[in-house]
Structures are given as C-alpha cells and as structure tokens.
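In UniProt numbering, the protein residues as written are 1 to 341.
This is the structure in structure tokens:
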C-alpha cells in the first residue's frame with residue numbers, strides 16, 4: 001500500500017519527503033496522482049485503438065499507445081505540478097486558465113478514439129452502407145467508361161428482333177397454309193379442304209419464308225456470336241477495372257472514415273449525439289479534475305513547506321552571491337595594493 005501511495009505521489013508531481021512531513025495532505029495528492037495516472041492510461045488505450053484502425057497492426061498500436069499515454073501522463077503531471085497555491089485566488093485562476101484550455105483540448109483528443117470503439121458496431125453498419133453505395137457508384141462510373149457495351153447490346157437486340165419478326169412471318173404463313181389445307185375459312189383462305197392451288201401457293205410462300213428465315217437466322221447468329229464475344233471482352237475489362245477499385249472500397253474503414261461515420265450517426269440519432277457529448281464531457285472532467293482540485297483546495301502544510309524550501313534556496317543563493325561579491329572586492333583591493341594602482 002505504501003508503494004502505491006508513493007507511486008501516486010510521483011504521478012501528482014509532489015515531492016515525497018515533504019509530503020511525509022504533512023500527513024493531512026497525503027490523500028489529496030494520492031487522488032490527484034491517481035487521476036493523472038488513469039487519464040494517461042485511458043489516453044494510451046485510446047491512441048492504441050486509433051492506430052490499430054490505421055495500421056491494422058497490434059504491435060504498432062501497442063507501441064504508439066504506450067508512447068502517447070506516457071506523453072499525456074507527463075503533460076498532465078507537468079500541468080498540475082507547475083500550479084502553486086498562493087494567497088491570491090484571482091492570480092491563481094489567471095494562471096490556471098491556459099492550463100484548463102490545454103486540458104480540455106487533451107480531453108477532446110483522448111475521448112474521440114474511445115467514442116469510436118464504444119459505437120463500433122453502429123459505425124461498422126454505417127460503413128457497410130457506405131461501401132455498398134461506393135460499389136454502386138463505381139459500377140455506374142465503369143459503365144459510363146464502357147458505353148460500347150450498351151451499343152452492342154442494342155445491336156444484338158435488333159438482330160434478334162429481325163429474326164423474331166421473320167419467325168412470326170413464317171408462323172403466320174404456316175397458319176394460313178394449315179387453314180387452307182383443312183378448309184378453315186378466313187379472309188386469306190378459300191375454305192376448301194385439300195391441297196388445291198391456293199394451298200400449293202401458300203406452301204410455296206411458306207417454303208420461301210422458311211428459307212429466308214434459315215438464311216437470316218444463320219447470318220444473324222454469326223453476327224450475334226461476334227457481338228457477344230466483343231461484349232464478353234468488354235465485360236472482362238470492366239470487371240478488371242472494378243477489381244482494381246474494390247480493395248480501396250473494402251479498405252474504407254480507416255480512422256477518418258470512422259469519424260465521418262460517427263458524425264453521420266450523430267446527425268441521424270439524438271441518443272448517439274448526446275452520448276458523444278457526455279463521453280467528451282466525462283473526459284473533460286477527468287482531465288481538468290486535478291487542476292480544479294488544486295484551485296479549490298485551501299493552502300495546506302505541504303504548500304507552506306514547499307515555499308519554505310524555495311525560500312531557503314533563495315536565501316542560500318543570495319548569501320552565496322553576497323559572499324562571492326565581497327570576496328571579489330577584497331581580492332581586488334589586495335591586487336590594487338600589491339601593484340600600487
């Protein structure tokens with residue numbers, strides 16, 4: 001327990017030998033040191049997660065997270081330890097304002113990656129929606145770059161339409177021929193059963209239409225096969241282009257993308273927006289707590305001992321400087337006497 005207390009004293013920036021002489025001040029500086037330590041720890045976790053989303057490497061995230069946490073810890077320790085309790089409250093507040101502003105900035109920086117981790121599932125869902133939108137946009141853009149496919153598809157449909165029209169014409173002649181053979185009366189048939197002159201005439205028309213259809217179908221099929229082959233090649237090129245873009249789309253989950261997704265979620269949901277605000281306020285409270293404790297707490301025995309120690313140093317420095325000055329004057333007089341100057 002004693003080692004933990006001394007560790008938190010170190011975190012608070014207090015001088016342990018003086019604190020040992022002021023038992024009433026120990027708990028205050030243990031609390032201040034604990035707040036500084038856990039703020040640095042949270043900063044380390046926050047930076048580690050942020051770097052993991054960037055580099056996707058556990059070791060880089062751990063290394064940078066520890067470095068960032070130590071830096072925040074050192075800054076907080078310096079901010080708190082540099083504040084001194086005086087008898088002038090207004091001057092203390094004026095000295096504290098820049099420190100408070102800096103502490104708030106640190107709190108905002110620390111809280112943001114942790115907000116991203118807290119709302120990770122919602123952010124992933126929003127990123128998936130964004131990826132689907134990007135895939136659709138990418139495919140549309142690729143289609144615009146391969147407009148020839150639409151033209152070729154139109155040509156192929158036109159050729160098939162011509163074949164379909166020829167088939168329909170052949171089927172119509174086939175129907176008229178059948179009606180003529182079986183004596184079905186229509187506007188274009190005689191209504192006489194048997195293979196008469198009209199039936200033979202329609203049979204000739206049917207044979208001619210069938211031959212034209214066979215020739216047309218064979219020729220158009222060759223052209224359709226060529227068009228389909230060309231379309232297949234263009235589709236392969238467009239697929240290659242999409243595959244080039246796909247890794248960038250799949251990798252759209254970096255730190256900036258997550259912050260943007262969190263901002264969109266905040267606009268869509270009041271609950272998430274207020275949760276973000278309260279999380280940030282929590283870190284602001286944690287970061288500024290040691291400073292406010294220093295400001296609102298009364299001047300204690302530890303502050304008196306610190307002032308006394310500083311005064312001893314000042315008195316000692318003044319005495320030494322006076323002795324040095326007197327010694328220098330004496331040596332100067334001896335030199336003048338010896339040289340009869």
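Idealized CB from N, CA, C, for every residue including glycine.
Could you tell me the alpha carbon to alpha carbon distance between residue i and residue j, rounded to whole angstroms?
i, j, result
"residue 94", "residue 306", "21 angstroms"
"residue 249", "residue 120", "19 angstroms"
"residue 319", "residue 103", "40 angstroms"
"residue 108", "residue 263", "15 angstroms"
"residue 130", "residue 268", "15 angstroms"
"residue 328", "residue 317", "16 angstroms"
"residue 332", "residue 101", "54 angstroms"
"residue 141", "residue 245", "11 angstroms"
"residue 222", "residue 125", "49 angstroms"
"residue 344", "residue 133", "Residue 344 lies beyond the range of the chain shown here (1 to 341); nothing can be said about it."
"residue 57", "residue 255", "14 angstroms"
"residue 178", "residue 211", "18 angstroms"
"residue 136", "residue 257", "18 angstroms"
"residue 28", "residue 6", "13 angstroms"
"residue 16", "residue 10", "7 angstroms"
"residue 171", "residue 243", "47 angstroms"
"residue 288", "residue 78", "13 angstroms"
"residue 330", "residue 322", "12 angstroms"
"residue 236", "residue 229", "11 angstroms"
"residue 276", "residue 105", "16 angstroms"
"residue 206", "residue 220", "20 angstroms"
"residue 334", "residue 76", "55 angstroms"
Starting from the C-beta of residue i, find all residues in its chain whose C-beta is less than 6 angstroms away, skip the five residues before and the five after it, and write them out in chain order.
i, result
"residue 8", "30, 33, 34"
Tell me which residues share the same chain as residue i and place their Cβ nearer than 8 angstroms to its Cβ, disregarding the 5 neighbours each side in the sequence.
i, result
"residue 259", "112, 116"
Look at residue i and residue j and say whether their C-beta atoms are less than 8 angstroms apart.
i, j, result
"residue 272", "residue 122", "yes"
"residue 55", "residue 63", "no"
"residue 279", "residue 114", "yes"
"residue 231", "residue 144", "no"
"residue 303", "residue 127", "no"
"residue 309", "residue 18", "yes"
"residue 301", "residue 39", "no"
"residue 348", "residue 240", "Residue coverage of the chain in this structure runs from 1 to 341, which leaves residue 348 outside it and unanswerable."
"residue 227", "residue 139", "no"
"residue 176", "residue 202", "yes"
Only counting the same chain, and skipping five residues up and downstream in sequence, which positions put a Cβ closer than 7 angstroms to that of residue i?
i, result
"residue 65", "44, 45, 47, 48, 51"
"residue 80", "12, 13, 32, 36, 290, 291, 294"
"residue 167", "213"
"residue 96", "83, 291, 295"
"residue 348", "No information on residue 348 is available, as it lies outside the stretch 1 to 341 that the chain covers here."
Would you please verify whether the beta carbon of residue i is less than 8 angstroms from any beta carbon of chain C?
i, result
"residue 311", "No chain C appears in the structure shown, which is made up of a single protein chain."
Does at least one heavy atom of the ligand GDP sit under 7 angstroms from the Cβ of residue i?
i, result
"residue 245", "In terms of ligand content, the structure shown is empty, and the ligand GDP therefore cannot be addressed."
Exercise. Give a yes or no on contact between the region 68-77 and the region 43-59, applying the rule of three or more CB pairs nearer than 8 angstroms.
Key: Yes, the region 68-77 is in contact with the region 43-59.
Self-check item: Whole runs of the alpha helix (DSSP H) within the region 252-326, excluding any shorter than 4 residues
Solution: 255-268, 270-296
Quiz prompt | Whole alpha helix (DSSP H) elements within the region 55-140, 4-residue minimum | solution = Listed in chain order, they are 58-81, 89-118.
Quiz item: Touching or not, the region 278-286 and the region 143-163, by the rule of three or more beta carbon pairs under 8 angstroms?
Solution: Counting Cβ pairs under 8 angstroms, fewer than three are found: no touch.
Exercise. Spell out a yes or no on whether the region 152-166 and the region 216-232 are touching, meaning 3 or more CB-CB pairs, one atom from each, closer than 8 angstroms.
Key: yes
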